[in-house]
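Let me begin by presenting the structure, written as structure tokens, before commenting on it.
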Amino acid sequence: MKGSCFCGQVQFEIKVDKVDAYHCHCSICRKVTGSKFNTAFTLSAEHFSWFSNNEGVKTYQKNGKGFRHDFCGNCGCTVPNRYQDVMFWVPAGLLDDEDGIEVTKHIFVESKAPWDVISDELDQFEGYP
Ligand SMILES: [Zn+2]
Ligand SMILES: [Zn+2]
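Heads up, our numbering is the position in the sequence shown plus 17, with the first residue counted as 1.
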């Protein structure tokens, strides 16, 4: 499956046919997306490759630690980032071929916005499962 940012400067491929994604309702994901949750998944680094040099990618870490937000310096779009060295965190909305994405859960439901009403049957977790 291939993915790209809004302007196309950042491009990547994931070498799996199917991914298990989640909707994260935490306060950081809400800020980063400007919406009620962030739909994403993680996968092992061996299944991920970049197709772009990513010179224009910028990183923001609040107080220099904790949640890391990588984004395209040209279009501002959230892009994948390497996570715990052996994993990649990938925002599901960047994938151009969406057939293999299955969302199975809501996470950090405890910190969701009061106006965020979950109306599906997916599993819900207060924090990280
Ligand atoms: Zn871009
Ligand atoms: Zn989150």
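C-beta: ideal position from N, C-alpha, C; glycine also.
Per the C-alpha coordinates, the member of C92, F105 and E143 positioned closest to F58 is F105.
Per DSSP, reduced to three states, the secondary structure at I45 is helical.
Nearest to D133 by C-alpha distance, out of Q26, M18, K53 and C46, is K53.
For N55, the shortest separation between its Cβ and any heavy atom of ligand 2 lies below 8 Å.
Relative to ligand 2, even the nearest heavy atom lies 8 Å or more away from the CB of F29. Between the alpha carbons of I31 and V49 lies a gap of roughly 23 Å. Three or more beta-carbon pairs drawn from the region 20-29 and the region 89-98 are found closer than 8 Å, and the two stretches are therefore classed as touching. Unbroken alpha helix (DSSP H) runs of no fewer than 4 residues, entirely contained in the region 69-105, are not found. Within the same chain, T76, Q78 and N98 come within 7 Å of R85 by CB-CB distance, once the 5 residues on both sides are set aside.
Non-local C-beta neighbours of S128 in its own chain, meaning closer than 8 Å and more than five positions away in sequence, comprise H42, C43 and S44, ordered along the chain. Put simply, of E138, F125 and D137 the residue whose alpha carbon is nearest the alpha carbon of Y145 is F125. Under the 10 Å beta carbon count, D87 is surrounded by 16 or more other beta carbons and is classified as buried.
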